[in-house]
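Under the UniProt record's numbering, the first residue of the sequence shown carries the number 1, and numbering increases by one thereafter.
Glycine included, every Cβ here is placed at the ideal spot set by N, Cα and C.
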Amino acid sequence: MGTVDAPDVYTRVPVDESQSSPEASSEELCGESSAHRRVSLAYIYVLCVASFGINVAWALEFATVTPFFESGLGATDFVSHAVWIVGPLSGLIVAPIVGALSDSCTSRFGRRRPFIVAGMVATVVGMLCFSSAREIAAWAFPPTTSANAHSLASLIIAMSAFCILDLAINTTMWPVRALQGDLLPPIEQHRVQSASVVLGSLGDLAANALIDSFDQPLTHIRFCYFVAALVYTCSVMVLLVIGREEPLDPDAAQTQNAPSNIFSYLRSIPGWLWRIGGTYALGFFTLFCAMPYASSWLGSSVLGGNPKAKKGSAAEATYEKGVKIYGKASLLRALVQIAFAAVYPFLLRFISPGKLMGVCFGTFGIFLAILSSTKSMEYGELIIVLLGFPGAAHFTLPTGLTVEYSDETNRGRHLGALNCFAVVPQLIDTTYTGWVSEKFGESAVMKIGAVWGILTGISGFLFMKVEG
């Protein structure tokens, strides 16, 4: 058997773990009318509005976290890289549990919505506390506190808030995707992912336009995060109001409990999800070497700025210029993602999801390998723009296939499993990227990302198959 092409993908959905191989037809499992029912594109976009706010939060985080730790809080390169480990570590533990609990939740508000609300509130708290870490430390400690103690307190507060923020966004994002899958038939899942990327890319545009509106965005980080928190809350609320769930009947609820440990959870994953998740994991190795550190790479390695230079110095201004350029280039990257999202369901008529994933990541990996040591601002911007292709493919194709081949009784658990494939690479990347950056510079981290990109491309071509 070969890679699943779009016409076949639209006709199969498994119903449980024992029948999760997509050999059964949709007519057998969910009925002809259900599997092939079409809904309006407008309704799909309304359900996906939450992606706008979620991506505003992600884009602002990727653009500002590393520079804020380095320049705003005086953290070392190692710390500013290693801090990214806290979100994935907590996500590895919580995401599978949230997925399993949401599958069997019998709340009168629905399966997914209670978890979405909890994640939304925690995200807002994390954003506001992270951006106000210095102010919170100043309020909590008397003026006589030494500068070193104040800096350490600010750093601890920021790290704690960042942990809450990263975990909370994931806690919101995966139930959101599960809810979208619950409310729409299998045939619509790629259109859902397309709409999510279009709106998510518009969120990227909005976040980076906000960053670009300031000459020195790090000095206005509190305002930026306040606006992002407001947008995030409003967009998620749209889904909560419009995407009404039918509460799960307690008598019909699944008897399965949350997994007792991560290893027993992984053993329950069906083979087709391992194949999709493996490529998804490699993609995260690539993106997590590039996206969180790209703004710092532009400011330091490409332009030659220094995040630890004296305040007001030319070296500090050059570094901030790199952060600003990243914002501008990310606007174009978002346009690339929108264009890809608009055409990718059409492309699936001619190319399998795995091969499309392979083309996007393999091509980007080659370009990144060539240009990672550039000192040209234009080439640096080009890398950020090209990042839109693997980014869009990564956040549409694996999720679309996973949602499509799951049903309401296991969709949350399968998406939780997919999140495990996401956080493990992040954990591994953060253990070495800080050390590599300190020893060899940000360009070396980008070179490693290029290798991962090429490997992801190969995996997409060879292994990202639903049937095997």
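1. With a threshold of 6 Å on Cβ separation, who are the neighbours of residue 403 within its own chain once the five nearest residues in sequence on each side are excluded?
2. Comparing alpha-carbon positions, which option in 281, 56, 427 lies nearest residue 463?
3. Just verifying my parser: in three-state terms, what is the DSSP assignment at residue 39?
4. Quick one: is residue 425 buried, meaning 16 or more other Cβ sit within 10 Å of its Cβ, or exposed?
5. By Cβ distance below 7 Å, which residues in the same chain neighbour residue 460 in space, the five residues on each side in sequence not counted?
6. Does any residue of chain D bring its CB to less than 7 Å from the CB of residue 95?
7. Give a yes or no on whether the C-beta atoms belonging to residue 337 and residue 392 are separated by under 7 Å.
8. Leaving out the 5 sequence neighbours to the left and right, which residues in its chain are closer than 7 Å to residue 49 when beta-carbon positions are compared?
9. Tell me which same chain residues have a C-beta within less than 6 Å of the C-beta of residue 179, skipping the five on either side of it?
10. Got a sec, what are the start and stop residues for the alpha helix (DSSP H) residue 127 sits in?
11. Alpha carbon to alpha carbon, what distance is there between residue 40 and residue 430?
12. For residue 413 and residue 97, what's the separation of their Cα atoms in angstroms?
13. If we ignore side chains and look at the alpha-carbon of each, how far apart do residue 469 and residue 274 end up?
14. Return the Cβ separation of residue 168 and residue 69 in integer angstroms, given the expectation that the two are a contact with Cβ distance under 8 Å.
15. Mind the definition here: the stretch 204 to 216 touches the stretch 435 to 455 only if three or more C-beta pairs lie below 8 Å; say whether that holds.
16. Let's see if you can read the secondary structure: which residues bound the alpha helix (DSSP H) around residue 73?
17. Going by DSSP in three states, residue 30 sits in which element: helix, strand or coil?
18. Examine the Cβ distances between the stretch 56 to 66 and the stretch 381 to 391 and report whether three or more of them are shorter than 8 Å.
19. Once the 5 residues before and after residue 207 are set aside, which same chain residues still bring their CB inside 6 Å of it?
20. Looking only at C-alpha atoms, which of 298, 155, 311, 309 sits nearest to residue 321?
21. By the 10 Å Cβ neighbour count, where 16 or more other Cβ atoms means buried, how is residue 156 classified, buried or exposed?
22. Short of 8 Å in beta carbon distance, which residues of its chain neighbour residue 221, apart from the five on each side in sequence? Order them along the chain.
23. Take residue 448 and list the residues in its own chain whose beta-carbon comes closer than 6 Å to its own, dropping the five residues that flank it on each side.
24. Short check: CB of residue 85 to CB of residue 122, under 7 Å?
25. Let me know if residue 177 comes out buried or exposed under the rule of 16 or more other beta-carbons within 10 Å of its beta-carbon.
In short:
1. Working through the sequence shown from its first residue, we reach residue 403 at position 403. Once the five neighbours on either side are set aside, the close Cβ partners of residue 403 are 181, 189.
2. For the purposes of this step, residue 463 is taken as residue 463 along the sequence shown, with counting starting at 1. For residue 463, the closest of 281, 56, 427 by C-alpha to C-alpha distance is 281.
3. For the purposes of this step, residue 39 is taken as residue 39 along the sequence shown, with counting starting at 1. Three-state result, residue 39: coil.
4. Here residue 425 refers to the residue found at position 425 when the sequence shown is read from its first residue. Per the 10 Å Cβ criterion, buried.
5. Against the sequence shown, residue 460 aligns to sequence position 460. Answer for residue 460: 279, 354, 355, 357, 358, 361, listed in chain order.
6. Although the question refers to chain D, the structure presented lacks it and comprises just one protein chain.
7. Here the question's residue 337 lines up with position 337 in the sequence shown. Here the question's residue 392 lines up with position 392 in the sequence shown. With respect to the 7 Å criterion, residue 337 and residue 392 are classified as neighbours on the basis of their beta carbons.
8. Stepping through the sequence shown from its first residue, residue 49 is reached at position 49. Only 199, 235, 238, 239 meet the Cβ criterion.
9. Here residue 179 is taken as the residue at index 179 of the sequence shown, counted from 1. If the five residues before and after residue 179 are omitted, its C-beta is found closer than 6 Å to the C-beta atoms of 112, 243, all from its own chain and listed in chain order.
10. In the sequence shown, the residue the question calls residue 127 occupies position 127. Residue 127 -> alpha helix (DSSP H) spans 113 to 131.
11. To locate residue 430, count along the sequence shown from 1; it is residue 430. To locate residue 40, count along the sequence shown from 1; it is residue 40. Our two residues, residue 430 and residue 40, have alpha carbons roughly 42 Å apart in a direct line.
12. Locating residue 413 in the sequence shown gives position 413, where the first residue counts as 1. Locating residue 97 in the sequence shown gives position 97, where the first residue counts as 1. Their backbone Cα atoms lie some 8 Å apart in a straight line.
13. The structure shown does not extend to residue 469, since the chain is modelled only from 1 to 468, so the question has no answer here.
14. For the purposes of this step, residue 168 is taken as the residue at position 168 of the sequence shown. For the purposes of this step, residue 69 is taken as the residue at position 69 of the sequence shown. Between residue 168 and residue 69 a beta carbon distance of about 19 Å is seen, past the 8 Å cut, so the two are scored as non-contacting.
15. Judged by Cβ distances under 8 Å, the stretch 204 to 216 makes no contact with the stretch 435 to 455, as fewer than three pairs qualify.
16. To locate residue 73, count along the sequence shown from 1; it is residue 73. Counting along the chain, residue 73 falls outside any alpha helix (DSSP H), and DSSP gives it neither H nor E.
17. Within the sequence shown, residue 30 is the residue found at index 30, counting from 1. Any reading at residue 30 is ruled out, since the residue's pLDDT is 38, under 50, leaving its predicted position unreliable.
18. These segments do not touch.
19. Working through the sequence shown from its first residue, we reach residue 207 at position 207. Its chain contains 56, 59, 60 as the residues whose beta carbon lies nearer than 6 Å to that of residue 207, once the 5 sequence neighbours on both sides are disregarded; these appear in chain order.
20. Here residue 321 refers to the residue found at position 321 when the sequence shown is read from its first residue. Checked all of 298, 155, 311, 309; the closest Cα to residue 321 is 298.
21. In the sequence shown, residue 156 corresponds to position 156, counting from 1. Per the 10 Å Cβ criterion, exposed.
22. In the sequence shown, counting from the first residue as 1, residue 221 sits at position 221. Cβ neighbours of residue 221 within its own chain (closer than 8 Å, five residues either side excluded): 64, 68, 72, 131.
23. Residue 448 sits at position 448 when you count from the first residue of the sequence shown. If the five residues before and after residue 448 are omitted, its C-beta is found closer than 6 Å to the C-beta atoms of 289, all from its own chain and listed in chain order.
24. Residue 85 sits at position 85 when you count from the first residue of the sequence shown. Residue 122 sits at position 122 when you count from the first residue of the sequence shown. Contact: no.
25. By one-based count along the sequence shown, residue 177 stands at place 177. Counting the other CB atoms within 10 Å of its CB gives residue 177 a total of 16 or more, which places it among the buried residues.
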